[in-house]
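Report on the following structure.
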Amino acid sequence: MAKQPKKAIITTTINPPTEALKKFANIARDDNWHLFIVGDKKTPHAEYNDLAALDYVTYLSPNDQEEISKELSDLIGWNCIQRRNFGLIAAYRWGADIIATIDDNNIPNEKWGKNVRVGQEFGVSTFTWDLPVFDPLAPAFPSLWHRGFPVQLLNKRHIAKKPQLKTRKVLVQADLWDGDPDIDAICRISQSPNCRFNPSIIHYAGDKPMPFNSQNTFLSREIIRDYFLFPHIGRMDDIWAAYYVQAKHGDIVAFYKATVFQARNEHDLVKDLKAEMIGYEHTLELVEWLFQDGGPEGQEWPEFMPRESLEAFKVYQGLINADA
Numbered sequence: 004m005a006k007q008p009k010k011a012i013i014t015t016t017i018n019p020p021t022e023a024l025k026k027f028a029n030i031a032r033d034d035n036w037h038l039f040i041v042g043d044k045k046t047p048h049a050e051y052n053d054l055a056a057l058d059y060v061t062y063l064s065p066n067d068q069e070e071i072s073k074e075l076s077d078l079i080g081w082n083c084i085q086r087r088n089f090g091l092i093a094a095y096r097w098g099a100d101i102i103a104t105i106d107d108n109n110i111p112n113e114k115w116g117k118n119v120r121v122g123q124e125f126g127v128s129t130f131t132w133d134l135p136v137f138d139p140l141a142p143a144f145p146s147l148w149h150r151g152f153p154v155q156l157l158n159k160r161h162i163a164k165k166p167q168l169k170t171r172k173v174l175v176q177a178d179l180w181d182g183d184p185d186i187d188a189i190c191r192i193s194q195s196p197n198c199r200f201n202p203s204i205i206h207y208a209g210d211k212p213m214p215f216n217s218q219n220t221f222l223s224r225e226i227i228r229d230y231f232l233f234p235h236i237g238r239m240d241d242i243w244a245a246y247y248v249q250a251k252h253g254d255i256v257a258f259y260k261a262t263v264f265q266a267r268n269e270h271d272l273v274k275d276l277k278a279e280m281i282g283y284e285h286t287l288e289l290v291e292w293l294f295q296d297g298g299p300e301g302q303e304w305p306e307f308m309p310r311e312s313l314e315a316f317k318v319y320q321g322l323i324n325a326d327a
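Letter by letter, the sequence shown follows residues 4 to 327 in my numbering.
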């Protein structure tokens, strides 16, 4: 009998245990996952005592994170979603083969985690795309675009051909989200969508690199060293991580049907817009740099990437290498 993969769920939160987190704890109990919850300075830590007492849940307090690496903690800073990197490290050290990264407002449905094909090589419905970046929302909702799709390319998006089944080894499975989709502030301000994805969606991708986020996304252990949520770049932390890991590992991503309902927390959309400006200005430039001949290996990062972000990435990789 084939060995069953060890599976972890990670998230950050500043809230008391949410409906979503309670459901994920039940999934961990019933379906052989382990849930890692990363706290922050604002998190009501005492309210996690009951969950932390369960043998399939680990709560990482601020002190726990600093015990993992005070240096990385200081470089990332507090009160930010990039604390999730400590969940990646903890899950990796625990031995996880598959790491699901979720948000505390992603309410899972009954299909969540049931058709995860991370680590497998199989036929993926693949769109041919004439632009340097594929927009994974375009096939389902042509008027919307995924957060992190370069805005300079918006008026050039066009799906002219039906997808073809092409074999790829999937190391990242990005499941979609009913409800409030992961779009940028420009799209949300102008359209305020509430989505229901076709439940018959199968695994699909584009033949170009594509943005994916850190919510409802399943990652192979194989790529964790190169998957880092960059601090100090606003709401591009997971998006630039997605592009970087594809530049290092190739065509490894497949999207899949919605397996959560996102009951999005209240956001200041103007604040979100400001936090996305670095992406509007530089994402396309970053992609061009990452996917140049020879890739990013040995090349100097562009000046728009904060040096503190790169130093944090270096420390993170050192921690992962030490546990490899």
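For glycine and all other residues, C-beta sits at the position ideal for the given N, C-alpha and C.
Item                                                                                                                                                                : Value
For my contact list, Y51 and P20 are in at a C-beta cut-off of 8 Å; report their separation, rounded to the angstrom.                                               : 7 Å
Confirm, please, whether the CB-CB distance from M239 to T286 is below 8 Å.                                                                                         : yes
With DSSP as the reference, label Y319 as helix, strand or coil.                                                                                                    : helix
Starting from the Cα of E306, find the closest Cα among E269, I255, I236 and give me that residue.                                                                  : I236
Taking the C-alpha atoms as reference points, what is the distance between P135 and M280?                                                                           : 20 Å
Look up A93 in the DSSP assignment and say whether it is helix, strand or coil.                                                                                     : helix
Would you mind working out which of D187, V127, F221 sits nearest A94, comparing C-alpha positions?                                                                 : F221
I'd like to confirm the pairing. Which residues does DSSP put opposite G282 in its beta bridges?                                                                    : In DSSP, G282 forms no bridge with anything.
By the three-class DSSP mapping on this structure, what secondary structure does V127 have?                                                                         : strand
For R86 versus H206, is the C-beta distance shorter than 8 Å?                                                                                                       : no
Need the endpoints of the beta strand (DSSP E) that Y62 sits in, please.                                                                                            : 60-63
Quick check: what's the CA-CA separation for L78 versus E113?                                                                                                       : 38 Å
Would you kindly work out how many angstroms separate the C-alpha atoms of K274 and N219, rounded to a whole number?                                                : 23 Å
In whole angstroms, give me the CA-to-CA distance for F283 and L276.                                                                                                : For the sequence presented, residue 283 should be read as Tyr rather than Phe. About 9 Å.
Are K260 and I186 closer than 8 Å when you measure CB to CB?                                                                                                        : no
I'd like to know whether the C-beta atoms of G126 and T170 end up nearer to each other than 8 Å.                                                                    : yes
Return the chain-ordered list of same chain residues with a C-beta closer than 8 Å to the C-beta of N109, the five sequence neighbours on each side being excluded. : A23, W180, Q218, N219, V263, F264, Q265
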